[in-house]
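Counting the sequence shown from 1 gives a position; this note's numbering is that position plus 17. Glycine included, each C-beta is placed from N, C-alpha and C at the ideal position. Note sheet for the following structure.
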Amino acid sequence: MAEPPAAAPDWHLDPVLDWLMHEGRLLTDAAQLIEQLAERLVAAGAPLWRLTLGLQTIHPQFRTMGILWRRGTRVEQQARPHGIENSAAYLGSPMQELAETGRPVRYRLDALGPGHHAVLHELAAAGGTDYYATPMRVTHGRTPGLTFTTDRRSGFTEDDIGKFRRLLDYLAPIAEGHIGHRVATTLMNTYLGPVVGAQILSGQIKRGDGQEINAVLWFSDLRDFTGLNERLQPGEVLELLNNYFQHVGNALAAHGGEILKFIGDGVMAYFPAEDALFLPMVTGNALNAARQVIADIEAANEARAAGGAEPVRFGVGLHVGPVTFGNVGTEDRLD
Numbered sequence: 018m019a020e021p022p023a024a025a026p027d028w029h030l031d032p033v034l035d036w037l038m039h040e041g042r043l044l045t046d047a048a049q050l051i052e053q054l055a056e057r058l059v060a061a062g063a064p065l066w067r068l069t070l071g072l073q074t075i076h077p078q079f080r081t082m083g084i085l086w087r088r089g090t091r092v093e094q095q096a097r098p099h100g101i102e103n104s105a106a107y108l109g110s111p112m113q114e115l116a117e118t119g120r121p122v123r124y125r126l127d128a129l130g131p132g133h134h135a136v137l138h139e140l141a142a143a144g145g146t147d148y149y150a151t152p153m154r155v156t157h158g159r160t161p162g163l164t165f166t167t168d169r170r171s172g173f174t175e176d177d178i179g180k181f182r183r184l185l186d187y188l189a190p191i192a193e194g195h196i197g198h199r200v201a202t203t204l205m206n207t208y209l210g211p212v213v214g215a216q217i218l219s220g221q222i223k224r225g226d227g228q229e230i231n232a233v234l235w236f237s238d239l240r241d242f243t244g245l246n247e248r249l250q251p252g253e254v255l256e257l258l259n260n261y262f263q264h265v266g267n268a269l270a271a272h273g274g275e276i277l278k279f280i281g282d283g284v285m286a287y288f289p290a291e292d293a294l295f296l297p298m299v300t301g302n303a304l305n306a307a308r309q310v311i312a313d314i315e316a317a318n319e320a321r322a323a324g325g326a327e328p329v330r331f332g333v334g335l336h337v338g339p340v341t342f343g344n345v346g347t348e349d350r351l352d
């Protein structure tokens with residue numbers, strides 16, 4: 018790997034901070050923010066080879082989200098599943114050290130021993146020489162971490178580290194805004210769906226707010242759910258419900274539907290049509306989704322029968338036409 022141009026010890030951070038406060042903070046995409054920030058640091062003379070932003074998040078599938086920039090490559094977004102904190106990739110890593118101590122960590126990558134974490138050895142093998150990771154102080158928990166790596170033979174100077182620390186004071190509130198928006202969007206998508214969530218985040222939160230749309234409404238529920246609760250253990254009921262909901266959710270997503278809510282053992286969903294002219298096509302999509310659920314649950318019932326479990330029975334109802342899509346409820350609790 019070719020060594021980057023030598024960075025002057027007095028490279029100037031102020032132009033980067035000026036860009037960050039006037040233009041960078043207005044970027045709505047966090048990956049674009051990190052990419053442009055890294056490139057401006059390099060242009061200013063910083064000996065930067067790799068920059069990452071990592072943060073814990075609230076997501077049903079992922080524990081952490083990260084953004085990785087490396088000089089000469091495209092920026093990457095990474096997601097780590099729940100359980101990563103118990104894996105070899107995390108245990109003993111600089112990120113664990115950062116999370117547990119709340120203090121910056123630094124490693125010379127050209128002086129590692131066998132006891133150092135594999136990720137440090139991987140960076141060294143790729144050409145890295147010096148690694149610095151630091152937490153960013155934010156208002157509410159879930160402290161993000163920022164890492165800087167250089168491939169300059171002499172590593173970082175104390176002046177470099179001081180400028181990176183100064184950068185944090187400017188970057189932290191901007192990163193916190195991105196984190197808050199990402200968490201809010203994820204929670205809305207998880208509990209309400211992307212369409213409804215986007216409407217709420219856009220400000221449609223008053224009782225009575227709504228619009229008339231053309232759509233196919235979907236209602237499905239389990240048969241004899243009361244009896245199932247009487248015959249099965251609570252854990253078995255939850256497993257059955259989640260498996261059933263997964264089959265329905267997969268079919269809806271595959272055919273353009275979106276879940277609006279779970280109501281006990283029931284699912285309320287819809288297939289929107291931009292115009293009434295598209296309703297026949299959308300209706301066909303809804304019917305195909307219903308056929309897929311039927312086929313998938315029939316296959317699942319065969320497996321249940323082989324294990325001695327009773328079959329899952331359910332029903333689906335569809336409504337086609339104009340519907341009012343909006344907020345109902347009390348003054349301070351809406352649905």
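Helix, strand or coil for residue i? Go by DSSP, reduced to three states.
i: Val122; result: strand
i: Ile217; result: helix
i: Ala106; result: coil
i: Asp186; result: helix
i: Thr202; result: helix
i: Val299; result: helix
i: Ala116; result: helix
i: Arg308; result: helix
i: His133; result: coil
i: Lys180; result: helix
i: Gly194; result: helix
i: Leu294; result: helix
i: Val284; result: strand
Going by the CB atoms, is the gap between residue j and residue i shorter than 8 angstroms?
i: Ile191; j: Gly41; result: yes
i: Phe288; j: Val333; result: no
i: Thr203; j: Leu218; result: no
i: Val265; j: Val310; result: yes
i: Gly194; j: Arg67; result: no
i: Val299; j: Ala290; result: yes
i: Leu296; j: Asn206; result: no
i: Phe331; j: Arg199; result: no
i: Gly343; j: Gly210; result: no
If we count the other Cβ atoms within 10 Å of its Cβ and call it buried at 16 or more, is residue i buried or exposed?
i: Pro32; result: exposed
i: Leu30; result: buried
i: Thr151; result: buried
i: Asp147; result: buried
i: Val345; result: exposed
i: Thr118; result: exposed
i: Thr167; result: buried
i: Leu294; result: exposed
i: Ser110; result: buried
i: Ala19; result: For Ala19, the predicted model reports a pLDDT of 47, less than 50, meaning its position is unreliable; a value from the coordinates is still stated below. Ala19 is exposed by the Cβ-count criterion.
i: Ala63; result: buried
i: Thr90; result: exposed
i: Ile51; result: buried
i: Thr243; result: exposed
Within a Cβ cutoff of 8 angstroms, which residues of the same chain sit near residue i, ignoring the five residues on either side of it in sequence?
i: Gly83; result: Thr69, Leu70, Gly71, Leu72, Gln94, Gln95, Ala96 and Arg97
i: Thr347; result: Arg224
i: His133; result: Tyr124
i: Ala115; result: Looking at the sequence provided, one finds Leu at residue 115 rather than Ala. Excluding sequence neighbours, Leu115 sits near Pro121, Val122, Ala150, Thr151, Pro152 and Gly162.
So residue i is in the alpha helix (DSSP H); what residue range does that whole segment cover?
i: Phe242; result: Phe242 to Arg248
i: Glu56; result: Ala47 to Ala61
i: Glu256; result: Pro251 to Ala271
i: Pro32; result: Asp31 to His39
Quick one: give me the first and last residue of the beta strand (DSSP E) that residue i is part of.
i: His336; result: Phe331 to Gly343
i: Asp147; result: Asp147 to Pro152
i: Ala238; result: The identity of residue 238 in the sequence shown is Asp, whereas the question assumes Ala. Gly227 to Leu239 is the extent of the beta strand (DSSP E) around Asp238.
i: Gln94; result: Glu93 to Pro98
i: Gln73; result: Arg67 to Gln73
Short of 6 angstroms in beta carbon distance, which residues of its chain neighbour residue i, apart from the five on each side in sequence? Order them along the chain.
i: Arg87; result: Arg67
i: Ile101; result: Arg80 and Tyr107
i: Ala268; result: Ala306, Gln309 and Val310
Near residue i, what residues of its chain come up, given a Cβ to Cβ distance below 7 angstroms and the 5 sequence neighbours on each side ignored?
i: Arg57; result: Val33 and Trp36
i: Leu76; result: This sequence places His at residue 76; Leu is not what is there. So the list reads Thr203, once near-sequence residues are dropped.
i: Leu140; result: Leu126, Tyr148 and Thr166
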